[in-house]
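Okay, so the sequence shown: first residue is 593 according to this note's numbering, each after it adds one. Just so it is clear, CB atoms sit at the ideal spot from N, CA and C, and this is done for glycine as well. The structure under discussion appears below in the form of structure tokens.
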Amino acid sequence: MTTTISNSKLSASIKHAGAELFSIKDNQNKEYIWEGNPDFWGKHSPVLFPIVGTLKNNTYIINGKEYQLPRHGFARDMEFALLDKTENSAVFSLKSSEETLEKYPFEFELQLIYTLNENSLILKYNVVNKGNKQMPFSIGAHPAIALPGNFDDYALQFEKEEELKYYLLENDLISSKTKILETSNNVVPLNYELFKNDALIFKTLNSKSLTILKNSKPYTKVDYQNFPSLGIWTKENAPFICIEPWLGYSDTDENTGDLHQKEGILILDESKNFTAEFSITIL
């Protein structure tokens, strides 16, 4: 099942499976989200919950007991319920169940709230701890922006001038090795060589927005005020770029496995809720 919302400038379509955005079109019917061709990557914009990235040995520990979670968690592979819909907004919900409690022993509700406002799509995450104990979690976004034509025609413009230090992945875990992403006037020309070692992982950034340029002109913009970390990723020869606002990231080799002690983890008190949002603007 899918749900479509629209306003005078944009339409957006969301699958109930994973509450995954799979289309943003302007009023000229131009598509801005990656089509999901499995020859490159069969997703469009999955939600990452209750972890972001990869756990060491895909395993974590709560109160001395081991649990397993796949890369980026399980929410992206589960069916969400449509709670509410208006012409320009839709609210999806995933609640803990017997199935989730086997992998993640916490009672929760995860809501994804999509809203169109002028030429922007806003995605708000609402995480509710419905249990009687603290709940450790991470959450993140993974939208793939379609880049038709020549990949080298595109560039990334960071909001602020800063040292862009990113961490290298080794066996899907964050290593201690870092590199500096070189810029000219905050702009990084795109080329596939940047991603030969997988994603660029920024634990912290002063920039809270990133503009994709096409032939030096603004194309799309991702704003992520509530997110301290960012991943940027594509696959060789793939006509898309993923701009990924994160609250959390993969384990390091030194990780003990205790989820409460995981670097970048959020801790939500019982009966409390947490919200964060980001937006994609068509320019």
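* First through last residue of the alpha helix (DSSP H) which encompasses Lys695 -> Per DSSP, the unbroken alpha helix (DSSP H) holding Lys695 starts and ends at 690-695.
* **Residue span of the beta strand (DSSP E) that contains Leu875, given as start and end** => Looking at the DSSP string, Leu875 is not in any beta strand (DSSP E), and its letter there is neither H nor E.
* Member of Gln660, Ala736, Phe794 whose CA lies at the smallest distance from the CA of Tyr624 -> Nearest C-alpha to Tyr624: Ala736.
* To do: Take the Cβ of Gly634 as the centre, count every other Cβ of all protein chains shown within 10 Å, and call the residue buried at 16 or more, exposed below.
  => By the 16-neighbour rule on beta-carbons within 10 angstroms, Gly634 is exposed.
* In the structure shown, what three-state DSSP assignment does Asp745 receive? -> Residue state for Asp745 is assigned as helix, using DSSP reduced to three classes.
* Can you list the beta strand (DSSP E) stretches of 3 or more residues lying completely in the region 711-788, in chain order? -> 712-721, 727-729, 736-738, 746-750, 757-762, 765-772, 779-781, all fully within the region 711-788.
* To do: Assign Gln853 to one of three DSSP states: helix, strand, or coil.
  => In this structure, Gln853 counts as helix in the three-state DSSP scheme.
* Would you call Lys813 buried or exposed, if buried means 16 or more other Cβ atoms sit within 10 Å of its Cβ? -> Taking all protein chains shown into account, Lys813 has 16 or more neighbouring C-beta atoms within 10 Å of its C-beta and is therefore buried.
* **Cutoff 6 Å; reference Ala868; Cβ partners in own chain excluding five residues on either side** => The answer, listed in chain order, is Tyr717, Asn818.
* Closest residue to Phe684 among Leu760, Thr844, Ala611 (Cα-Cα distance) -> Closest by C-alpha distance to Phe684, out of Leu760, Thr844, Ala611, is Ala611.
* Tell me which same chain residues have a C-beta within less than 6 Å of the C-beta of Leu860, skipping the five on either side of it? -> Only Asn721, Met727, Phe866 meet the Cβ criterion.
* Asked: Once you ignore the five residues that flank Asn724 on each side, which residues in its own chain have a CB closer than 7 Å to its CB?
  -> Spatial neighbours of Asn724 in its own chain (CB-CB distance under 7 Å, excluding positions within 5 residues in sequence) are listed in chain order as Glu862.
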